Amino acid sequence: MSVLPARDASLAASWEGLAGVARGCTVCAELAATRTQVVPGSCPEGADVLLVGEAPGAEEDAAGVPFVGRSGRLLDELLAAAGLPRDRVAVANVLKCRPPRNRTPHRSEVEACRPWLQRQVELADPVVLVTLGGTALQWAYGRTARIAALRGQVQRYAGRPLVVTYHPSAAIRYGPRGAPLAALREDLATVAALVRH
Ligand code: URA
Numbered sequence: 001m002s003v004l005p006a007r008d009a010s011l012a013a014s015w016e017g018l019a020g021v022a023r024g025c026t027v028c029a030e031l032a033a034t035r036t037q038v039v040p041g042s043c044p045e046g047a048d049v050l051l052v053g054e055a056p057g058a059e060e061d062a063a064g065v066p067f068v069g070r071s072g073r074l075l076d077e078l079l080a081a082a083g084l085p086r087d088r089v090a091v092a093n094v095l096k097c098r099p100p101r102n103r104t105p106h107r108s109e110v111e112a113c114r115p116w117l118q119r120q121v122e123l124a125d126p127v128v129l130v131t132l133g134g135t136a137l138q139w140a141y142g143r144t145a146r147i148a149a150l151r152g153q154v155q156r157y158a159g160r161p162l163v164v165t166y167h168p169s170a171a172i173r174y175g176p177r178g179a180p181l182a183a184l185r186e187d188l189a190t191v192a193a194l195v196r197h
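Just so we're aligned: 87 in the numbering used here is position 87 of the sequence shown, and the numbers increase by one with no gaps anywhere.
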């Protein structure tokens, strides 16, 4: 039976149940033809933070797990430094499939995939949401939203706090003295403070 994200996501009663159905999604023909597998995301029991990234890269596509590549290793270090162990943190992407050659997701793909992430927010029910990078930010606030304008102040999304920050790949690109790395450290410290309260 074909998968209909809007219907199947809203019917999912658990993160794992949603992941099982999403793994069979073929709505975006190009992505379904080029991916190795769907990468629904991970949600440890009792997670109080939900990080939203852009889309799986090559390593995530191979492993079926989000943020296991270079960006993921940096993210793990930054989370640990902020006092946020990865087992308290759920992770999902705007797109559940790797775009070919890691191109930026098309708007139509973001919209096709939206019901999965929307339901994941409800199922994870995090204390705090975090958008990593521009694609995740624009998923939440629309295409005119800019990181520079919205980070540094806690935002709201679906009735909960949302912290806007850079994608770890920007921190890698701009290097250890670059603004994105410093911003990520600061923003993850804000997240840690929010979950402690
Ligand atoms: N970049 C993302 O946005 N998500 C991943 O899972 C890996 C890299």
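Glycine residues also receive a C-beta, built at the ideal position from the N, C-alpha and C atoms.
Keep in mind it's a predicted model, so treat the numbers as computed, not measured.
- For R86, the secondary structure class from DSSP, reduced to helix, strand or coil, is helix.
- CA-CA distance, L51 to R101, rounds to 23 Å.
- Here L11 is exposed. Its C-beta has fewer than 16 other C-beta atoms within 10 Å.
- Straight across, the Cα-Cα distance linking G72 with L79 is about 10 Å.
- Relative to the ligand URA, the beta carbon of G134 is positioned no closer than 8 Å to any heavy atom.
- In this structure, A58 and G69 form a Cβ contact; the two beta carbons are roughly 7 Å apart against a cut-off of 8 Å.
- The beta carbons of P66 and V38 sit about 11 Å from each other, so the pair does not count as a contact at 8 Å.
- With contacts defined as CB atoms closer than 9 Å, E109 and L132 fail to qualify as a contacting pair.
- Of the other Cβ atoms in all chains shown, fewer than 16 fall within 10 Å of the Cβ of R156; this residue is therefore exposed.
- Each of A33, G20, R160, E54 was checked against the Cα of V191, and the nearest Cα belongs to R160.
- Collapsing the DSSP output to three states places L194 in a helix.
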